[in-house]
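Enquirer: Protein chains in written order, with this note's numbering: chain A, 1 to 366; chain B, 1 to 344. Idealized CB from N, CA, C, for every residue including glycine. None of the values given here were measured: they were computed from a predicted structure.
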């Protein structure tokens, strides 16, 4: 070994990267044991998974090609891709759910950026959701498609956005009511929130589908999906209200007193002073809830609505492609993961972004 | 004595009246009028289905297919003369029966088992049994077992918390043989347990077992034993209060069975139009007197057979590829249970 080589090796050994790895992975006997055990576990689990998922997998063709190979059948996902995204929506009209999906994703993209947090964003939510619903149902642009024919990823996204959009304003009102000085109003809010939070979402869905039509005159005329959306929005609003209330509690009393001293009334105090500050505090919590809500939409399957998960599962009951449940669930798991991982990375970024005092102050003016 | 009883009676009467009123209130809220009127007004039949391979499943284009789905289309032909005037909705096993009462569906074709409790207590009616299902046993062929009684000392996988667990225990107690039950929670675990040799056999409704068998790596190494440990007659269910709609469901099913008995298929139905048999003439509407008397389109049965086919064709199209034998679901003339009342 020449001198220069020896020098380079010593330099590498003293570099921070090498130190991190050496100390982190083999610093103590315990760390070494964990490292070796993890490597052994990976060595045991990864090769068969790779063989099944990639090397022996069938990427194109029919189920007969898949049956001949021993690996995963990704051709199944290819054949069922349209069904998993749009389910029973008529194939000739499938530009509609596709457009709705793009609209909703664009809406989420813009809502995620603090520089767009203005009044116009609220208008955009109303417009996009209204447009999505009319597009899907085809009320303005026949032929109409009943909501029993909607399904797949587009329904998951649509239900999630509508319910979240409805639940948020309701949650703010509930949180304010729960902190209000009016006893009756406060009691009502407490009862509603605790009742909703004390009930499982499945029960709420059954109420929407089975009890509501009997309790409301002509309840059968209201669409099943609409009933479910209303009940889910009410349910989620109780959870959101508690997060918002947490933010309200942190605002110092001095802020209220100062606003009152300036002669601002209750609503203006809330709108101009309290809520903007509270929002900044609760947004990471709200994003966390939103991710949980997205996953909870898979419960729609129990009332026979074809959400993303249900569409994927029933794809594997087609006699042409029977039994490819592993591939179906993996694919859906990947879609959910992509959405939720994006959401949680965003939540982290937002938290650091809002923590900087200059950003925090200037963000919501508008 | 009468004085002593009277107050109690009055109390009971009040309770009965209140209940009846409440029931009336709910039933009027549930179904505004006869089901058939609503169907005609809407222009389509709402059918609740499930998702089981061969019985009901969506294809890649989102088009429903399967044994029960074909009966939904046959109903649309009877009412509208058009197999597409039907709207299939997925129903989960937990909500399908209350949803039928609430008027969510006009007919449930989701494989509901006829039982006396359901018939008496739930306020809806069953049509004729279209499929005789029952709990079966799936075993490896190399065990050399040909009937359930041979399974002495076997380890059998059962789904936990189902009637299947009770049925298999009852069966072995009756035969005096021994077995070791292994309860399995997840339905997808059944195939793994069987393939890994953890159990010698698994038991479930045979409609489920047929689907499970196709998911095995080597389906031909396994066989479903001929015995059925329970009776699971699957029939269409309709809400009470519309007798005519119930009759349409009844006779739509009967027509497919009767057609098979006469040997009328979708291919040869046009030749049968020339038949000299007066019964066949009435059935196919060549002689329209019968259809006129009951108020249906004279061509209703002809259209069903021409479009969907007879019972055997529906069965062979949907269930035969999955390895179903006809078994109990053969015509009575072939030793099965299918029997249509006469069309006269």
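At least one CB of chain A closer than 8 Å to the CB of residue 41 of chain B: is that the case?
Expert: With 8 Å as the cut-off, residue 41 of chain B does not count as an interface residue toward chain A.
Enquirer: Which complete beta strand (DSSP E) runs does the region 212-257 of chain B hold, if anything under 3 residues is left out?
Expert: Within the region 212-257 of chain B, the complete beta strand (DSSP E) runs of at least 3 residues are 222-224 and 232-239.
Enquirer: Using a beta-carbon distance below 8 Å, is residue 223 of chain A in contact with chain B?
Expert: No, residue 223 of chain A lies away from the interface with chain B (no Cβ there is under 8 Å from its Cβ).
Enquirer: Do we get a CB-CB distance below 8 Å when we pair residue 70 of chain B with the residues of chain D?
Expert: No chain D is part of this structure, whose protein chains are labelled A and B.
Enquirer: Return the residue from the list A:42, A:84 and A:143 that minimises the CA-CA distance to residue 61 of chain B.
Expert: The shortest Cα separation from residue 61 of chain B among A:42, A:84 and A:143 belongs to A:84.
Enquirer: So which of A:127, A:215, A:300 and A:134 has the shortest CA-CA distance to residue 408 of chain A?
Expert: No information on residue 408 of chain A is available, as it lies outside the stretch 1 to 366 that chain A covers here.
Enquirer: Measuring CB to CB, does residue 40 of chain A end up less than 8 Å from residue 59 of chain A?
Expert: Their beta carbons are not under 8 Å apart, which means residue 40 of chain A does not touch residue 59 of chain A by this criterion.
Enquirer: Hey, which unbroken runs of the alpha helix (DSSP H) at 4 residues or more fall wholly within the region 214-301 of chain A?
Expert: With a minimum length of 4 residues, the continuous alpha helix (DSSP H) runs that stay inside the region 214-301 of chain A are 224-250, 253-261 and 275-296.
Enquirer: How far does the alpha helix (DSSP H) with residue 18 of chain A in it reach, from first residue to last?
Expert: Unbroken alpha helix (DSSP H) run through residue 18 of chain A: 16-26.
Enquirer: Measure the beta-carbon distance from residue 261 of chain B to residue 340 of chain B and round it to whole angstroms, keeping in mind my assumption that it falls under 8 Å.
Expert: Their Cβ separation, rounded to whole angstroms, is 7 Å, which keeps residue 261 of chain B and residue 340 of chain B in contact under 8 Å.
Enquirer: Give the single residue among A:174, A:354 and A:144 whose Cα lies nearest to the Cα of residue 279 of chain A.
Expert: Looking at the Cα atoms, A:354 is the closest of the given residues.
Enquirer: Residue 288 of chain A and residue 347 of chain A - do their beta-carbons sit closer together than 8 Å?
Expert: Yes, Cβ-Cβ distance for residue 347 of chain A and residue 288 of chain A is below 8 Å.
Enquirer: By Cβ distance, which residues of its chain are closer than 6 Å to residue 285 of chain A, with the 5 residues on each side in sequence left out?
Expert: Counting only Cβ-Cβ distances below 6 Å, and skipping sequence neighbours, we find 243.
Enquirer: What residue ranges within the region 102-179 of chain A form continuous alpha helix (DSSP H) runs of no fewer than 4 residues, ordered along the chain?
Expert: List check, alpha helix (DSSP H) in window: 119-137 and 153-178.
Enquirer: Closer than 8 Å, CB to CB, is residue 282 of chain A near chain B or not?
Expert: No, residue 282 of chain A does not count as interfacial toward chain B.
Enquirer: For residue 18 of chain A, which residues of its own chain have a beta-carbon under 7 Å away from its beta-carbon, when the five flanking residues on both sides are left out?
Expert: If we look at residue 18 of chain A and ignore the five residues flanking it on each side, its Cβ neighbours are 12.
Enquirer: Using only CA atoms, which one of A:128, A:100, A:321 and A:98 lies nearest to residue 111 of chain A?
Expert: Nearest C-alpha to residue 111 of chain A: A:128.
Enquirer: Could you round the C-beta distance between residue 340 of chain A and residue 294 of chain A to whole angstroms and report it? I think they count as a contact, below 8 Å.
Expert: Yes, they are in contact, since the Cβ atoms of residue 340 of chain A and residue 294 of chain A sit about 7 Å apart, within 8 Å.
Enquirer: Would residue 91 of chain B be called buried (16 or more neighbouring beta carbons within 10 Å of its own) or exposed?
Expert: Residue 91 of chain B should be labelled buried.
Enquirer: For chain A, check one thing: does any of its Cβ atoms lie closer than 8 Å to the Cβ of residue 60 of chain B?
Expert: Closer than 8 Å to some Cβ of chain A, the Cβ of residue 60 of chain B qualifies, so yes.
Enquirer: Rounded to whole angstroms, how far is the Cβ of residue 242 of chain B from the Cβ of residue 36 of chain B, which I believe are closer than 8 Å?
Expert: About 6 Å separates the two Cβ atoms, so the contact holds.
Enquirer: Tell me whether residue 30 of chain B sits in a helix, a strand or coil according to DSSP, three-state version.
Expert: No answer about residue 30 of chain B holds up, because its pLDDT of 39 lies below 50 and its placement is not dependable.
Enquirer: When the distance is taken between beta carbons, is residue 123 of chain B closer than 8 Å to residue 101 of chain B?
Expert: It is a contact, given that the beta carbons lie within the stated cut-off.
Enquirer: To the nearest whole angstrom, what separates the beta carbons of residue 237 of chain B and residue 126 of chain B, a pair I think is in contact under 8 Å?
Expert: Their Cβ separation, rounded to whole angstroms, is 5 Å, which keeps residue 237 of chain B and residue 126 of chain B in contact under 8 Å.
Enquirer: Taking the CB atoms as reference points, tell me whether residue 201 of chain B and residue 137 of chain B lie closer together than 8 Å.
Expert: For residue 201 of chain B and residue 137 of chain B, yes; Cβs fall inside 8 Å.
Enquirer: List, in order along the chain, the chain A residues whose C-beta lies closer than 7 Å to that of residue 236 of chain B?
Expert: Residues of chain A passing the Cβ test: none, with the nearest at roughly 17 Å.
Enquirer: Mind listing, in chain order, the continuous alpha helix (DSSP H) runs of no fewer than 4 residues lying wholly within the region 291-315 of chain B?
Expert: Runs of the alpha helix (DSSP H) inside the region 291-315 of chain B: 300-307.
Enquirer: For residue 60 of chain A, does the three-state DSSP call read helix, strand or coil?
Expert: Three-state DSSP puts residue 60 of chain A in coil, outside helix and strand.
Enquirer: By alpha-carbon positions, which one of B:273, B:337 and B:314 ends up nearest to residue 71 of chain B?
Expert: Per the Cα distances, B:314.
Enquirer: Any Cβ of chain A within less than 8 Å of the Cβ of residue 26 of chain B?
Expert: Model confidence at residue 26 of chain B stands at a pLDDT of 44, short of 50, so the residue's coordinates are unreliable; what they give is reported in the following sentence. Closer than 8 Å: yes.
Enquirer: Which word fits residue 23 of chain B, buried or exposed, when buried means at least 16 other C-beta atoms lie within 10 angstroms of its C-beta?
Expert: For residue 23 of chain B, the predicted model reports a pLDDT of 41, less than 50, meaning its position is unreliable and no value from the coordinates is stated.
Enquirer: Does the region 264-279 of chain A come close enough to the region 156-169 of chain A to have 3 or more Cβ pairs within less than 8 Å?
Expert: Verdict: no, contact absent.
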